[in-house]
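Chemist:
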Amino acid sequence: MAVEKMSIAKALNESLRKALETDPKVLIMGEDVGKLGGVFRITDGLQKDFGEERVIDTPLAESGIVGTAIGLALRGYRPVVEIQFDGFVFPAYDQIVTQLAKMHARSLGKVKMPVVVRIPYAGGIGAVEHHSESPEALFAHVPGLKVVSPSNPSDAYWMLQQAILSDDPVIFFEPKRRYWDKGEVDIDAIPDSLHAARVAREGADITLAAYGPMVKVCLEAAAAAAEEGKSVEVVDLRSMSPIDFDGLQASVEKTRRLVVVHEAPVFLGTGAEIAARITERCFYHLEAPVLRVGGFHAPYPPARLEDEYLPGLDRVLDAVDRSLAY
Amino acid sequence: MTVESTAARKPRRSSGTKRAAGAASAAKAPAAKAVATAQNAEPQLVQLLTPEGERVSAADNPDAAEFLSFVEDITTEDLRGLYRDMVLTRRFDGEATALQRQGELGLWASLLGQEAAQIGSGRALRDDDYVFPTYREHGVAWCRGVDPTNLLGMFRGVNHGGWDPSTNNFHLYTIVIGSQTLHATGYAMGVAKDGADSAVIAYFGDGASSQGDVAEAFTFSAVYNSPVVFFCQNNQWAISEPTERQMRVPLYQRAQGFGFPGIRVDGNDVLACLAVTRWALERARRGEGPTLVEAFTYRMAAHTTSDDPTKYRRDEETAAWEAKDPILRLKTYLLASGGADEAFFEALEAESEALGKRVREVVRAMPDPDTMAIFENVYADGHALVDEERAQFAAYLASFEEGH
Ligand SMILES: Cc1ncc(C[n+]2csc(CCOP(=O)(O)OP(=O)(O)O)c2C)c(N)n1
Numbered sequence: 001m002a003v004e005k006m007s008i009a010k011a012l013n014e015s016l017r018k019a020l021e022t023d024p025k026v027l028i029m030g031e032d033v034g035k036l037g038g039v040f041r042i043t044d045g046l047q048k049d050f051g052e053e054r055v056i057d058t059p060l061a062e063s064g065i066v067g068t069a070i071g072l073a074l075r076g077y078r079p080v081v082e083i084q085f086d087g088f089v090f091p092a093y094d095q096i097v098t099q100l101a102k103m104h105a106r107s108l109g110k111v112k113m114p115v116v117v118r119i120p121y122a123g124g125i126g127a128v129e130h131h132s133e134s135p136e137a138l139f140a141h142v143p144g145l146k147v148v149s150p151s152n153p154s155d156a157y158w159m160l161q162q163a164i165l166s167d168d169p170v171i172f173f174e175p176k177r178r179y180w181d182k183g184e185v186d187i188d189a190i191p192d193s194l195h196a197a198r199v200a201r202e203g204a205d206i207t208l209a210a211y212g213p214m215v216k217v218c219l220e221a222a223a224a225a226a227e228e229g230k231s232v233e234v235v236d237l238r239s240m241s242p243i244d245f246d247g248l249q250a251s252v253e254k255t256r257r258l259v260v261v262h263e264a265p266v267f268l269g270t271g272a273e274i275a276a277r278i279t280e281r282c283f284y285h286l287e288a289p290v291l292r293v294g295g296f297h298a299p300y301p302p303a304r305l306e307d308e309y310l311p312g313l314d315r316v317l318d319a320v321d322r323s324l325a326y
Numbered sequence: 327m328t329v330e331s332t333a334a335r336k337p338r339r340s341s342g343t344k345r346a347a348g349a350a351s352a353a354k355a356p357a358a359k360a361v362a363t364a365q366n367a368e369p370q371l372v373q374l375l376t377p378e379g380e381r382v383s384a385a386d387n388p389d390a391a392e393f394l395s396f397v398e399d400i401t402t403e404d405l406r407g408l409y410r411d412m413v414l415t416r417r418f419d420g421e422a423t424a425l426q427r428q429g430e431l432g433l434w435a436s437l438l439g440q441e442a443a444q445i446g447s448g449r450a451l452r453d454d455d456y457v458f459p460t461y462r463e464h465g466v467a468w469c470r471g472v473d474p475t476n477l478l479g480m481f482r483g484v485n486h487g488g489w490d491p492s493t494n495n496f497h498l499y500t501i502v503i504g505s506q507t508l509h510a511t512g513y514a515m516g517v518a519k520d521g522a523d524s525a526v527i528a529y530f531g532d533g534a535s536s537q538g539d540v541a542e543a544f545t546f547s548a549v550y551n552s553p554v555v556f557f558c559q560n561n562q563w564a565i566s567e568p569t570e571r572q573m574r575v576p577l578y579q580r581a582q583g584f585g586f587p588g589i590r591v592d593g594n595d596v597l598a599c600l601a602v603t604r605w606a607l608e609r610a611r612r613g614e615g616p617t618l619v620e621a622f623t624y625r626m627a628a629h630t631t632s633d634d635p636t637k638y639r640r641d642e643e644t645a646a647w648e649a650k651d652p653i654l655r656l657k658t659y660l661l662a663s664g665g666a667d668e669a670f671f672e673a674l675e676a677e678s679e680a681l682g683k684r685v686r687e688v689v690r691a692m693p694d695p696d697t698m699a700i701f702e703n704v705y706a707d708g709h710a711l712v713d714e715e716r717a718q719f720a721a722y723l724a725s726f727e728e729g730h
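Protein chains in written order, with our numbering: chain S, 1 to 326; chain X, 327 to 730.
1. Any chance the CB of Asn564/X is under 6 Å from a heavy atom of ligand 1?
2. For Ala347/X, decide whether its Cβ has a neighbour in chain S, counting only Cβ atoms nearer than 7 Å.
3. Is any non-hydrogen atom of ligand 1 found closer than 6 Å to the C-beta of Ile42/S, if you look at the structure I gave you?
4. Can you give me the C-alpha to C-alpha distance between Ala435/X and Ser547/X, rounded to a whole angstrom?
5. Please compile the residues from chain S whose C-beta is within a distance smaller than 8 Å of the C-beta of Gly538/X.
6. Please classify Pro652/X: is it buried, with 16 or more other beta-carbons within 10 angstroms of its beta-carbon, or exposed?
7. Assign Leu375/X to one of two classes, buried (16 or more other C-beta atoms within 10 Å of its C-beta) or exposed (fewer than that).
8. Within the present structure, is the beta-carbon of Leu60/S separated from the nearest heavy atom of ligand 1 by less than 6 Å?
9. For Arg198/S, which residues does DSSP report across the bridge?
10. If you run the structure through DSSP and keep just helix, strand and coil, what is Ala358/X?
11. Can you round the beta-carbon distance between Leu36/S and Ile565/X to whole angstroms, since I take them to be within the 8 Å contact cut?
12. With DSSP run on the structure shown, which of helix, strand or coil describes Ala11/S?
13. Which same chain residues end up closer than 6 Å to Val252/S when comparing Cβ atoms and leaving out the 5 residues on each side of it in sequence?
14. So, using beta-carbon positions, are Ala525/X and Arg611/X closer together than 7 Å?
15. Pair every Cβ in the segment 143-156 of chain S with every Cβ in the segment 18-29 of chain S, then say whether three or more of these pairs are closer than 8 Å.
16. So which of Thr402/X, Tyr529/X, Asp490/X has the shortest CA-CA distance to Thr460/X?
17. Is there contact between the segment 284-299 of chain S and the segment 315-323 of chain S, where contact requires at least three CB pairs shorter than 8 Å?
18. Counting only beta-carbon separations shorter than 7 Å, does Lys35/S have a partner in chain X?
19. What residues in the segment 459-480 of chain X bring their beta carbon closer than 9 Å to a beta carbon of chain S?
20. Identify every run of the alpha helix (DSSP H) within the segment 595-680 of chain X, keeping only runs that are complete inside it and at least 4 residues long; order them along the chain.
21. Could you run through the segment 304-316 of chain S and flag, in chain order, every residue whose CB is less than 7 Å away from some CB of chain X?
22. Glu253/S CB to nearest chain X CB: under 7 Å?
23. Within its chain, find whatever has a CB closer than 8 Å to the CB of Asp181/S; leave out the 5 residues flanking it on each side and keep chain order.
24. Any heavy atom of ligand 1 closer than 6 Å to the CB of Ile445/X?
25. Gly488/X CB to nearest chain S CB: under 7 Å?
26. Do Ile700/X and Tyr300/S have their C-beta atoms within less than 7 Å of each other?
27. To the nearest angstrom, how far is it from the Cα of Pro143/S to the Cα of Met103/S?
28. Run through the DSSP bridge pairs and tell me what Pro282/X is partnered with.
29. Could you say which of Val199/S, Asp168/S, Ala264/S lies nearest to Pro242/S if we only look at CA atoms?
30. For Leu425/X, does the three-state DSSP call read helix, strand or coil?
31. I'd like to know whether the C-beta of Leu711/X is nearer than 7 Å to at least one C-beta of chain S.
32. Taking 6 Å as the cut-off, is the beta-carbon of Arg580/X closer than that to any non-hydrogen atom of ligand 1?
33. Measuring straight from C-alpha to C-alpha, what distance separates Ser149/S and Asp86/S?
34. Hey, quick one: how far does the beta strand (DSSP E) through Asp186/S stretch, first residue to last?
35. Mind checking the segment 688-710 of chain X against chain S and listing, in chain order, the residues whose C-beta falls within less than 8 Å of any C-beta there?
36. Assuming Thr507/X contacts Val540/X under a Cβ cut-off of 8 Å, what Cβ separation, rounded to an integer in Å, is found between them?
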């Protein structure tokens, strides 16, 4: 068993390396991914080892990056493209939504679109505008796309492998403020399915559901709640499209309470969909309405306000208390 | 002037602007290599002040003659003014870099090396002209009379820009690459509709020229014959990517395909930048439509304070550009021509110190915004959901006050 301790950034790098080694059709594309190794160094050293034909510095044009990745996929390649920051995916949004997502259906299943779009997303690093956004719901809402986000190094490694192996386009959101968090990665493991939720901490009184950057906050909240005698279960959803409602339902039927936590604005967000579905599925089990904790209906604020904007321990615990008070 | 004659401009005195060999190593196919070489060939650029600090005369260079007429009125005092602008802009920029290192700013995008392109073009503008900058146009902001400390809020993380663009006809900084070129074009379309004779200028980088938005801005401005000047500072890099990763023919030549003139100017020559921008602005005012100006310059500093250029850039290249420093060449000229004496430079140094001190003080005293600012200005008319969330969050925060 090859278990190694590494950061999420390193796990992603190792995962890309393995994909490049395993399949000659895998390509890495994006701005600054070559010599620089990407602005977060996720592709560090890959161009050196695999060459400029496989690790491709692209012109500064996101629509071009995704549009040409679609063409390369039509030609049998498996492009893994990097969008430099969340806020810069929108020039490519047209290509992703109108073309990438629909090609399989339009061709009556003849055409596969094995394209992965990696996006460092969400806040917490003190960046300027357009560098801290959580647009996952905008993608999850689009039929034809799969949307996932790992929360720890092992998932980062395995979920990226699985995304690259998928014949469907996968929007792969990387929680940038967790890039440097370390954890164990077993590179010989047999991973869960890409879209299976994971119980990150067992509990009996209430379920917290989260993904990506908020899983850590929820685990901290669960630990803090435990000191007050509350038993909190944390479910790491991993995937926002599809969502593992069976997995989540099992947890909620046990705890009878659910709080969904994400950084993205609450209004019409993934939490809204989860609340609606779980209410349908678990109506007679629920002791409280499904609550949501997340961002406001306001632009992501300047860095000096992000600590107050982002859901932290206190806001999660407050929601736990409100739910338990029913 | 015809497009052809613009593209064919070849001043004899354009010295030493050759890109160092080897920078175009990426191309594999021989054909691609040949084109790449063309992009790197001795650029044809308008130059009125050489790197050695000598003025170019019409006799030296007939091609420069037309542009010399655009700076005929520039007096020695004006030259000292341009010099002062560049020195103070550089000082401000250096101070901001230092403040970032001290943790006072979250990020800084330095303009080091690009002072002439920005001051030359910025001083060509009239008050009623309108500027659409990127995030690096600190020198242009200076020319517009924007207090430099206003530029620091977004880099400190207390706002997203914050200034009123209409005060100085200087739009907010735009971070999403290329977007503002379309805004500039639309604004120019409005200017033309109004029958005004103002002009609009859009700044962008060599990397931005790859964006679809920029191509669309070229298309719209050409089709509607809009009074807009596209001012590209080709500083040779888009973070780690050299211009070869963005284009295979010199950028200024691209304008021809859209149907308007493009011209390359020595971006480290403040006088040439002033002259060429005035020429382009006058075309716009006369109703002759857009112009693409490519200011050929160099980003001496890192892309931003988060960037590490040692990963991709060679020292020799940087050193070669250091020799073309825009400030030094004007200083050499001013000294040699008797345009300025030591007292002038000393007084400027004192002014520079004072500016640096003021910038430090203002930044350190900049308060964090009130938490409730999150909910301000989301809509002009107000919005029930925002009101509800504001009230809920205020109650939540207040619950801590009561509890403790
Ligand atoms: C749409 C978009 N994609 C990516 C980025 C990230 N980014 C910021 S600056 C930059 C390079 C810009 O290069 P260039 O246009 O040449 O301007 P310069 O910064 O060199 O002045 C990149 C890739 C961005 N801001 N916007």
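Virtual Cβ for every residue (Gly too), placed ideally from N, Cα, C.
Modeler: From the atom records:
1. Residue identity check: residue 564/X is Ala in the sequence provided, not Asn. In this structure, ligand 1 has a non-hydrogen atom nearer than 6 Å to the beta-carbon of Ala564/X.
2. Reliability fails at Ala347/X, whose pLDDT of 31 lies under 50, so the model's placement of it is uncertain and no value is given.
3. No, since every heavy atom of ligand 1 falls outside the 6 Å radius drawn around the Cβ of Ile42/S.
4. Ala435/X and Ser547/X have their C-alpha atoms some 29 Å from each other.
5. Within 8 Å Cβ-Cβ: Ala61, Ser63, Gly64, Pro91.
6. Answer is buried; the Cβ neighbour count reaches 16.
7. With 16 or more Cβ atoms within 10 Å of its Cβ, Leu375/X is classed as buried.
8. Yes - ligand 1 has a heavy atom lying nearer than 6 Å to the Cβ of Leu60/S.
9. Beta-bridge pairing links Arg198/S to Asp236/S.
10. Residue confidence for Ala358/X is low, a pLDDT of 34 falling below 50, so the modelled location carries little weight; the figure read from the coordinates is stated next. In the structure shown, Ala358/X sits in a helix (DSSP, three-state: H, G or I).
11. Yes, they are in contact, since the Cβ atoms of Leu36/S and Ile565/X sit about 7 Å apart, within 8 Å.
12. For Ala11/S, the three-state secondary structure derived from DSSP is helix.
13. Its chain contains Thr207, Leu258, Ile278, Cys282 as the residues whose beta carbon lies nearer than 6 Å to that of Val252/S, once the 5 sequence neighbours on both sides are disregarded; these appear in chain order.
14. Cβ atoms of Ala525/X and Arg611/X: closer than 7 Å.
15. With the cut-off at 8 Å, the segment 143-156 of chain S and the segment 18-29 of chain S do not touch.
16. Here the closest residue by C-alpha is Tyr529/X.
17. Yes, they touch.
18. Residue contact check for Lys35/S against chain X: a CB pair falls below 7 Å.
19. For the segment 459-480 of chain X, which is checked against every Cβ of chain S, the residues closer than 9 Å are Tyr461, Gly479, Met480.
20. Fully enclosed alpha helix (DSSP H) runs of no fewer than 4 residues occupy 596-611, 641-648, 652-662 of the segment 595-680 of chain X, in order along the chain.
21. Of all residues in the segment 304-316 of chain S, only Arg304, Leu305, Glu308, Tyr309 come within less than 7 Å of chain X when Cβ atoms are compared, listed by chain position.
22. With respect to chain X, the C-beta atom of Glu253/S has no partner C-beta closer than 7 Å.
23. Counting only residues of its own chain and dropping the five nearest sequence neighbours on each side, Asp181/S has a CB closer than 8 Å to the CB of Ser7, Ile8, Asn152, Pro153, Lys216.
24. Proximity of the beta carbon of Ile445/X to ligand 1 is not indicated: no heavy atom of the ligand is located closer than 6 Å.
25. No, Gly488/X does not count as interfacial toward chain S.
26. Not closer than 7 Å, so no.
27. Using only the alpha carbons, I get a separation of about 11 Å.
28. Chain X is shown from 327 up to 730; residue 282/X falls before or after that span and cannot be answered.
29. Out of Val199/S, Asp168/S, Ala264/S, Asp168/S has the C-alpha closest to the C-alpha of Pro242/S.
30. It is helical.
31. At a cut-off of 7 Å between beta carbons, Leu711/X contacts chain S.
32. In this structure, the C-beta of Arg580/X stays at least 6 Å away from each heavy atom of ligand 1.
33. Ser149/S and Asp86/S: Cα-Cα distance of roughly 13 Å.
34. Run containing Asp186/S: 182-186, per the beta strand (DSSP E) assignment.
35. Within the segment 688-710 of chain X, Asp694, Pro695, Thr697, Ala699, Ile700, Phe701, Val704, His709 place their CB atoms closer than 8 Å to a CB of chain S, listed in sequence order.
36. Between Val540/X and Thr507/X the Cβ distance is about 5 Å, and since that is below 8 Å, they are a contact.
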